[in-house]
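**Student:** This structure is in structure tokens; I'll ask about it shortly.
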Amino acid sequence: AGVQEYNSTVYALALAETQDGLFKTFDSVRATLSRTVKISVAILALIFVVVVAFMFHVTYVVTSTVATPISKLLLMVRDINRENVEIDDELPEIQMGSIEVTHVRETFEKLFMLVQFGTSAFYAGELEQAHTSFHEALALFTKLDNAKAIGIANNDLGNIMLTIYRVMKSLNVNTIFGMTKLTVIKNGCDFFEKSINSGEDALAKINEEEGWSTNYLIFMQQLSNRYFNRAMFLLTVREDHPNPDEAKSQGLMDLSTCKDMDREVVDNGDQEGFKGEKDVYFELLIGRIRGMLTLVKIGYDDEWGLDELFSDAYKALVTALQQPRPHPLFRHMEPAGQMQKLDHALIEYYSQPETADAELAAKIAIRMLVEDEYVIGEASTVAIKAVIDAIQDCTPEDLGGEDPSDVRSKLFNYRHIIGETISLQFSKKDALRRACYNACNAGDLAMEVF
């Protein structure tokens, strides 16, 4: 009553705020967020640095446990190949490393032990043990698919077959260690064929990868040694070979190939092909001389030219004597001993029917017996025999009034005493061990190391 309702607006109320007023509340939030973000970034950066440092540490540890043992393993293998590890040494230990590296090292240890045992057994005349060890090594290398090592093992087994054949001939028997002559010849031919084929493949690969290089010469010298070993084998077993003419033809061809390779290595590599070791060249020449003397003794002509080999060996020895000490050639044997090895071969050379010179052989022998304080046993027996042969027709006047028969009797007695002393390690009934020892130390075969 008395009040009337209107729907139109008469007035309105509104609240107003400035922009600064509106943002004022958010400024504190912004500052808080900014501070929080900065702290978070700092924390994340710190975490990142720590993670990166940790990763670097982990990487370093992993790398060390892998790279360091592998580098040591590589160095160890190089030392073995360079013969810096002596036969009597133990294989170096490798600390840390993964399980794989440990397994590889254990494999090398087993191989090294096989090689140690096999090589030691061979030069000790234990042919059966050497044969077993190298067969096991060959089986293991075959599983590892190591072509180089397989070739080396085949070469050494071929040498063992030749040595076994020589023992058979010296004892006049047809079976040794469960093998007949035909078995030995067949196995030897197979071992040498595989060894030479492996060497040819390795040489072709080096030539393709590096061309004419020091490594090429090293592999060429190794292959040359294998051809020489096979030549010695085939020419020695020829009369019992299923095809004697083929054996002789191939043997003489291998001998010619070896001679050409030897000369090529020396002419083009300045003896670098002999692994840079100044003693290897002299030892190689002595081995070639011993081999050729062996072939001459069983009826072959001097296909190589022993005069040239003796001249080269003498030059190598004189050159070593003129170099500062210690020289590698005299690492295991004094100069007098190395000279005796050469004199020993010279005496045998001048004692052969084709090159006989009893007076010269005796002069070489007397130098050794008079001038040197110590004399190698085998060399001394050869030297005394040369003197005995030289005085066969001497008169008392030639010997300063001494009775020639008395002088010869004393020399025979000295030679007998030396021979008995050398044979003390064998019983008188142990003809097989004696024959094996002599055959293993003939000095004309090139055994290889892994």
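For reference, each letter of the sequence shown is one residue, going 1012 to 1461 in our numbering.
Yeah, the Cβ is synthetic: ideal placement off N, Cα and C, and Gly gets one too.
#1: Might you give, ordered along the chain, the residues of its own chain that have their beta carbon closer than 6 Å to the beta carbon of R1241, omitting 5 neighbours on each side?
#2: In the DSSP assignment, what are the bridge partners of I1187?
#3: Are the region 1377 to 1387 and the region 1340 to 1355 touching by the rule of at least three beta carbon pairs closer than 8 Å?
#4: Over the uninterrupted alpha helix (DSSP H) stretch that includes E1359, give me the two end residues.
#5: Only counting the same chain, and skipping five residues up and downstream in sequence, which positions put a Cβ closer than 6 Å to that of L1226?
#6: Any idea what DSSP makes of N1157, helix, strand or coil?
#7: What separation, rounded to the nearest whole angstrom, lies between the Cα atoms of I1399 and I1428?
#8: Which residue wins for smallest C-alpha separation from D1323, given the options S1206, I1300, E1211 and A1401?
#9: May I have the straight-line CA-CA distance separating A1457 from G1411, to the nearest angstrom?
#10: State yes or no: is the beta carbon of L1168 nearer than 8 Å to at least one beta carbon in chain B?
#11: On a Cα-Cα basis, can you pick out the residue from N1185, N1157, F1133 and L1182 that is closest to G1169?
#12: Mind pulling the alpha helix (DSSP H) runs of 4 or more residues that sit fully within the region 1364 to 1389?
#13: Do you know how far the Cα of G1222 is from the Cα of M1231?
#14: Which residue comes first and which comes last in the alpha helix (DSSP H) that contains N1449?
#15: Check whether the region 1145 to 1160 and the region 1179 to 1191 are in contact - that is, three or more C-beta pairs closer than 8 Å.
#16: Which class does F1437 belong to by DSSP, given the choice of helix, strand or coil?
#17: So does the region 1243 to 1250 actually touch the region 1171 to 1179, counting three or more Cβ pairs closer than 8 Å?
#18: Can you have a look at C1405 and say buried or exposed, based on whether 16 or more other CB atoms are within 10 angstroms of its CB?
#19: Among R1274, L1340 and L1234, which has the Cα closest to the Cα of I1207?
#20: Measuring only the C-alpha atoms, how far is E1294 from D1273?
#21: Contact defined as beta carbons within less than 8 Å: I believe M1303 pairs with L1320. What is the distance between those atoms, to the nearest angstrom?
#22: Relative to the C-alpha of T1392, which residue among T1194, R1445 and S1434 is closest?
#23: If contacts are defined as beta-carbon pairs under 8 Å, then A1394 and I1358 qualify, I think. What distance do you get, rounded to the angstrom?
#24: In angstroms with no decimal places, state the Cα-to-Cα distance between V1276 and Y1071.
#25: What does a CB cutoff of less than 7 Å around K1270 pick up in its chain, not counting 5 residues either side in sequence?
#26: Runs of 4 residues minimum, wholly inside the region 1247 to 1313: which ones carry the alpha helix (DSSP H) assignment?
#27: CA-CA distance, M1243 and Y1425?
#28: If L1182 sits next to L1371, beta carbons under 8 Å apart, how far is it from one beta carbon to the other, in whole angstroms?
#29: When the distance is taken between beta carbons, is C1447 closer than 8 Å to V1069?
**Tutor:** The structure says:
#1: F1203 and D1265
#2: M1190
#3: yes
#4: Per DSSP, the unbroken alpha helix (DSSP H) holding E1359 starts and ends at P1346 to Y1360.
#5: The amino acid at residue 1226 is misidentified as Leu; the sequence shows Asn. I1217, listed in sequence order.
#6: Reduced to three states, the DSSP call for N1157 is coil.
#7: 15 Å
#8: I1300
#9: If I take the Cα positions, the gap works out to 46 Å.
#10: Absent from the structure is chain B; it holds one protein chain and no more.
#11: F1133
#12: 1369 to 1382
#13: Distance between the alpha carbons of M1231 and G1222 is about 12 Å.
#14: Membership of N1449 in the alpha helix (DSSP H) is indicated by the continuous run A1442 to C1451.
#15: A contact between stretches requires three or more CB pairs, one per stretch, nearer than 8 Å, and the region 1145 to 1160 fails this requirement with the region 1179 to 1191.
#16: Coil, per DSSP.
#17: The region 1243 to 1250 is in contact with the region 1171 to 1179.
#18: exposed
#19: The shortest C-alpha to C-alpha distance from I1207 to any of R1274, L1340 and L1234 is the one to L1234.
#20: 13 Å
#21: So it is a contact: roughly 7 Å between Cβ atoms.
#22: S1434
#23: Contact holds; Cβ gap of about 6 Å.
#24: Between V1276 and Y1071, the alpha-carbon positions lie close to 45 Å from each other.
#25: W1315
#26: 1255 to 1280 and 1291 to 1308
#27: When rounded, the separation of the alpha-carbon atoms in M1243 and Y1425 is 33 Å.
#28: Contact doesn't hold; Cβ gap of about 34 Å is too wide.
#29: no
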